[in-house]
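Novice: Can you keep this structure in mind? I'll have questions shortly.
Number of protein chains: 2
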Amino acid sequence: MSDVPDLAAVKAYLLDLQDRICAELSAEDGRETFRTDEWTRDPSDPKGMGGGGRTRILAEGAVFEKAGVAFSHVTGTKLPPSATAHRPELAGRPWVAMGVSLVIHPRNPRVPTSHANVRFFSTTDATPTSATPSSPTTGHSSLGLGHSGAAAAPVWWFGGGFDLTPYYGYEADCAHWHRTAYDALAPFGPGYYPRFKTWCDDYFFLKHRNEPRGVGGLFFDDFAELGFSRSFELLRAVGDAYLPAYRPIVARRKTEPTTETERDWQLYRRGRYVEFNLVWDRGTLFGLQSGGRTESILMSLPPLVRWDYARTPAPGSEEARLDTDFLRPRDWLTAR
Amino acid sequence: MSDVPDLAAVKAYLLDLQDRICAELSAEDGRETFRTDEWTRDPSDPKGMGGGGRTRILAEGAVFEKAGVAFSHVTGTKLPPSATAHRPELAGRPWVAMGVSLVIHPRNPRVPTSHANVRFFSTTDATPTSATPSSPTTGHSSLGLGHSGAAAAPVWWFGGGFDLTPYYGYEADCAHWHRTAYDALAPFGPGYYPRFKTWCDDYFFLKHRNEPRGVGGLFFDDFAELGFSRSFELLRAVGDAYLPAYRPIVARRKTEPTTETERDWQLYRRGRYVEFNLVWDRGTLFGLQSGGRTESILMSLPPLVRWDYARTPAPGSEEARLDTDFLRPRDWLTAR
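Just so you know, the sequences run in chain order A and B.
Residue numbering for the first sequence is 480 to 815, as defined by my numbering.
Residue numbering for the second sequence is 480 to 815, as defined by my numbering.
Structural data, given as structure tokens:
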């Protein structure tokens, strides 16, 4: 039996994952729910991009100050060279990308910000069977992928992960987050967690600050090594692990007492999130520079942020401990 | 008489300009003054960069929520290729850069944000006469520039300009701003204002929003066409015009009554400033990616910022008028 990419199955999983995440986060918030913004690309787009997405935003909740959970399914007739620096032979091919991406900014400074992403990308030599992309939320891709293994010769991969950005560090939360990540990947072999954990530490790093964005988690890209079915299982294992990794931390910290000083620190630290996403994040930069949908890309930015010149927390303070004890690549599985 | 670059004169001008700007803005604020942060580069810097700077910040003033006015004088032993994309033959040469750069974020949403920059850059074939860079605030460059026209063969240029970013538009303010710019350049010939005005409109543009950053002003770079003495005069004309361009606008608007709604709009619009500086501004990106001093580079970021998903002002509102009537390339000299 051939193991060709099944785009419809990937899409169905992603839409269901978005539904589940939004439902659980709404329940955890208890006051606000997500509003849905469906969008489609102009079919006359000069860059030949089609498709669309379903962006969901919860704003000004009791627990979540801003939560964005976006599904998108975008197609193109010609892959730009900048998107395939590591595989120049793919430039110019038709392509399809779909994924769920989310960033959650809680109100209480003692609840960490979290980010997750699961995505699928495929190119093919096949000529599109139709010039009209399918609806972003229903139906199958029009690119003819997955119909025939022999003719299409698709080059495809998965990518994704999740990472945590605390403002006040709790060893127990970091340990739970990483333990959940570890458990999700354990059925696929012992090497995946350490490999994706290190990849995450390397990726979410602010070189201009010499500082990690947070306490990490998982990151992987260009992943096809297990064949389609098993690689897709791994993607689902990661996507499905996000809620059990994050929700207990939110539930445990959302009622912690907090102060104006802590709020101020949270707003200041959120500046680092902005700096990473706008200066270093390849997905954000590629999206903004290639004509992606700005509002969906920048839904990741925090609702309220401050910058102060040369701010340094008092030595030994809980704020200073964030840097000394948490924003370091650490083995969180053995933390307690 | 030869017309070789006089670095000591440029430096003296820049330090004095910083002094004058800080003194006048402090006076306009009436409550807070600038604190000075002198810094020097580690002489053992692996990238061979030396020098330092004098960063001045006024925070939480009555009129200015955050004002940063920075002088820097930085040297390097080898110009990176990325800094000389348009002049590859200069890569690898020793270089010196000095300038004053400022960004002023007022508190009242009816006072516009302003940015100004004047800078000098030079490379030379000459070997540095000393491995120890001079103090950032006193003394002469150690690179031997300006001592001899024949031996050093320096390649040098000036750059700079100023631009205005209102949150609520006033035709009269924009007209005054551009009239002052026009008058400053008029003695050098009629072509400079239109050329640098258009350059400014082109440079301060957010492609991902299809939106200018503000109402523009002047921008120029790579400027040596009048010879050193006259080009330096032009630089001084621009630097000296900043205060007469900006201070009357601040004086006129700082006591305007304002509302929480207007404050919220200001914080939201400040997000565009962050997006421009971190995504598109070449100076910021080059600085952050090449190991520049992060705190001095990012002093331009606003003190408090908000992002909202897909926010659109009510049609016909003063907020909507900012986009329709002001964030457009316009001939401001004839506005009233």
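C-beta: ideal position from N, C-alpha, C; glycine also.
Given the structure is predicted, the values throughout are model-derived calculations rather than measurements.
(1) What number of angstroms, rounded off, separates the C-alpha of Thr534 of chain B from the C-alpha of Glu517 of chain B?
(2) Let me confirm a value: Leu754 of chain A is counted as buried when at least 16 other C-beta atoms fall within 10 Å, else exposed. Which label applies?
(3) Count the other CB atoms within 10 Å of the CB of Arg709 of chain B; is the residue buried (16 or more) or exposed (fewer)?
(4) Is it right to say His552 of chain A is buried, meaning 16 or more other beta carbons lie within 10 angstroms of its own, or is it exposed?
(5) How about Leu806 of chain B: is its C-beta nearer than 7 Å to some C-beta of chain A?
(6) First and last residue of the beta strand (DSSP E) that includes Trp744 of chain A?
(7) Enumerated in chain order, which unbroken segments of the alpha helix (DSSP H) with a length of 4 residues or greater are wholly contained in the region 665-706 of chain B?
(8) Can you name, in chain order, every residue of its own chain whose Cβ lies under 6 Å from the Cβ of Gly718 of chain A, other than the five neighbours on each side?
(9) Please report the straight-line C-alpha distance between Thr592 of chain B and Thr773 of chain A, rounded to a whole angstrom.
(10) Residues of chain A with CB under 9 Å from Tyr747 of chain B, in chain order?
(11) Under 7 Å Cβ-Cβ, which residues of chain B neighbour Ile536 of chain A?
(12) So the beta strand (DSSP E) Glu517 of chain A belongs to, where does it begin and stop?
(13) Pull up the distance between the alpha-carbon of Val758 of chain A and that of Val579 of chain A, whole angstroms please.
(14) What are the residues that DSSP puts in a beta bridge with Phe637 of chain A?
(15) Kindly say whether His594 of chain A, judged by its beta-carbon, lies nearer than 7 Å to any beta-carbon of chain B.
(16) Please confirm whether Tyr752 of chain A and Pro781 of chain A have their CB atoms less than 7 Å apart.
(17) Rounded to the nearest angstrom, how far is the Cβ of Glu503 of chain B from that of Arg731 of chain B, given a contact under 8 Å?
(18) Hey, quick one: how far does the beta strand (DSSP E) through Val575 of chain A stretch, first residue to last?
(19) Can you tell me whether Arg809 of chain B is helix, strand or coil according to DSSP?
(20) In whole angstroms, what is the alpha-carbon distance linking Leu537 of chain B and Asp498 of chain B?
(21) Under 7 Å, Cβ to Cβ, is there at least one residue of chain A near Leu783 of chain B?
(22) Does Leu780 of chain A have its Cβ less than 7 Å from a Cβ in chain B?
(23) Consult DSSP for Thr563 of chain A and reduce its assignment to one of helix, strand or coil.
(24) Quick check: what's the CA-CA separation for Thr813 of chain B versus His584 of chain A?
(25) Can you pull out the residues from the region 488-500 of chain B whose beta carbon lies closer than 9 Å to at least one beta carbon of chain A?
(26) Could you pull the DSSP bridge partners for His657 of chain A from this structure?
(27) Assess, as a yes-or-no matter, whether the region 785-798 of chain A is touched by the region 565-573 of chain B under the definition of 3 or more beta carbon pairs within less than 8 Å.
(28) Taking the alpha-carbon positions, what's the Asp482 of chain A to Pro633 of chain A distance?
(29) Do Gly527 of chain A and Thr519 of chain A have their C-beta atoms within less than 7 Å of each other?
(30) Which of the residues in the region 657-674 of chain B, read from start to end, lie with their CB under 9 Å from any CB of chain A?
(31) What is the residue span of the beta strand (DSSP E) that Ala487 of chain A lies within?
(32) Who are the near neighbours of Arg800 of chain B in its chain, counting only those whose CB is closer than 7 Å to its CB and skipping five residues on each side?
(33) From Phe684 of chain A to Ala665 of chain B, what does the alpha carbon distance come to, in whole angstroms?
(34) Using only the alpha-carbon positions, how far apart do Pro560 of chain A and Cys679 of chain B sit?
Specialist: The answer reads as follows:
(1) Here the question's residue 534 of chain B lines up with position 55 in the second sequence. Here the question's residue 517 of chain B lines up with position 38 in the second sequence. Answer to the nearest angstrom: the Cα atoms are 6 Å apart.
(2) Counting from 1 along the first sequence, the entry for residue 754 of chain A is found at position 275. According to the sequence displayed, residue 754 of chain A carries Glu and not Leu. Classification of Glu754 of chain A: buried, given that the 10 Å Cβ count is 16 or more.
(3) Here residue 709 of chain B refers to the residue found at position 230 when the second sequence is read from its first residue. That one is exposed.
(4) As a working note, residue 552 of chain A is residue 73 in the first sequence. Classification for His552 of chain A: buried.
(5) Translated into positions along the second sequence, residue 806 of chain B becomes position 327. Answer no: the Cβ-Cβ gap between Leu806 of chain B and chain A never drops below 7 Å.
(6) As a first step, residue 744 of chain A is located in the first sequence; it is residue number 265 there, counting from the start. Unbroken run through Trp744 of chain A is the alpha helix (DSSP H), 739-754; no beta strand (DSSP E).
(7) 671-682
(8) Translated into the one-based positions of the first sequence, residue 718 of chain A becomes position 239. Closer than 6 Å at the Cβ level, and outside the excluded window around Gly718 of chain A, lie Leu496, Val597.
(9) Looking up residue 592 of chain B in the second sequence gives position 113. Looking up residue 773 of chain A in the first sequence gives position 294. Whole-angstrom Cα-Cα distance: 24 Å.
(10) If you number the second sequence from 1, residue 747 of chain B lands on position 268. Neighbours of Tyr747 of chain B on chain A: none; closest Cβ ~10 Å, over 9 Å.
(11) The count along the first sequence starts at 1 and reaches residue 536 of chain A at position 57. Residues of chain B passing the Cβ test: Tyr788.
(12) Indexing the first sequence from 1 puts residue 517 of chain A at position 38. Element bounds for Glu517 of chain A: 514-519.
(13) Residue mapping note: residue 758 of chain A aligns to position 279 of the first sequence, counting from 1. Residue mapping note: residue 579 of chain A aligns to position 100 of the first sequence, counting from 1. One C-alpha to the other measures close to 22 Å.
(14) Here residue 637 of chain A is taken as the residue at index 158 of the first sequence, counted from 1. For Phe637 of chain A, which the question treats as bridged, DSSP gives the partners A:Phe599, A:Phe702.
(15) Counting from one through the first sequence, the residue named residue 594 of chain A turns up at place 115. Chain B, which has no Cβ nearer than 7 Å to the Cβ of His594 of chain A, makes this no.
(16) In the first sequence, counting from the first residue as 1, residue 752 of chain A sits at position 273. In the first sequence, counting from the first residue as 1, residue 781 of chain A sits at position 302. Closer than 7 Å, so yes.
(17) Here residue 503 of chain B refers to the residue found at position 24 when the second sequence is read from its first residue. Here residue 731 of chain B refers to the residue found at position 252 when the second sequence is read from its first residue. Wrong, their Cβ atoms sit about 15 Å apart, outside the cutoff.
(18) Position 96 of the first sequence, counted from the first residue, corresponds to residue 575 of chain A. Counting along the chain, the beta strand (DSSP E) containing Val575 of chain A begins and ends at 574-585.
(19) Within the second sequence, residue 809 of chain B is the residue found at index 330, counting from 1. The answer is coil: DSSP assigns Arg809 of chain B none of H, G, I, E or B.
(20) In the second sequence, the residue the question calls residue 537 of chain B occupies position 58. In the second sequence, the residue the question calls residue 498 of chain B occupies position 19. C-alpha separation (whole angstroms): 13 Å.
(21) Looking up residue 783 of chain B in the second sequence gives position 304. Yes, Leu783 of chain B counts as interfacial toward chain A.
(22) Numbered from its first residue, the first sequence carries residue 780 of chain A at position 301. It does: the Cβ of Leu780 of chain A has a partner Cβ on chain B nearer than 7 Å.
(23) Mapped onto the first sequence, residue 563 of chain A falls at position 84. Helix at Thr563 of chain A.
(24) Stepping through the second sequence from its first residue, residue 813 of chain B is reached at position 334. Stepping through the first sequence from its first residue, residue 584 of chain A is reached at position 105. Between Thr813 of chain B and His584 of chain A, the C-alpha separation is close to 46 Å.
(25) none
(26) Taking the first sequence and counting its residues from 1, the one referred to as residue 657 of chain A is at position 178. BP columns for His657 of chain A are empty, so no partner.
(27) no
(28) Stepping through the first sequence from its first residue, residue 482 of chain A is reached at position 3. Stepping through the first sequence from its first residue, residue 633 of chain A is reached at position 154. Taking the straight line joining both Cα atoms gives about 12 Å.
(29) Residue numbering aside, residue 527 of chain A sits at position 48 when the first sequence is read from its first letter. Residue numbering aside, residue 519 of chain A sits at position 40 when the first sequence is read from its first letter. Not a contact, by the Cβ cut-off of 7 Å.
(30) none
(31) As a first step, residue 487 of chain A is located in the first sequence; it is residue number 8 there, counting from the start. Careful: Ala487 of chain A lies outside any beta strand (DSSP E), inside the alpha helix (DSSP H) at 486-508.
(32) The count along the second sequence starts at 1 and reaches residue 800 of chain B at position 321. Excluding sequence neighbours, Arg800 of chain B sits near Gly648.
(33) As a position in the first sequence, residue 684 of chain A is number 205, starting the count at 1. As a position in the second sequence, residue 665 of chain B is number 186, starting the count at 1. Cα to Cα, the separation comes out at about 48 Å.
(34) Numbered from 1 along the first sequence, position 81 holds the residue referred to as residue 560 of chain A. Numbered from 1 along the second sequence, position 200 holds the residue referred to as residue 679 of chain B. So the two alpha carbons sit approximately 30 Å from each other.
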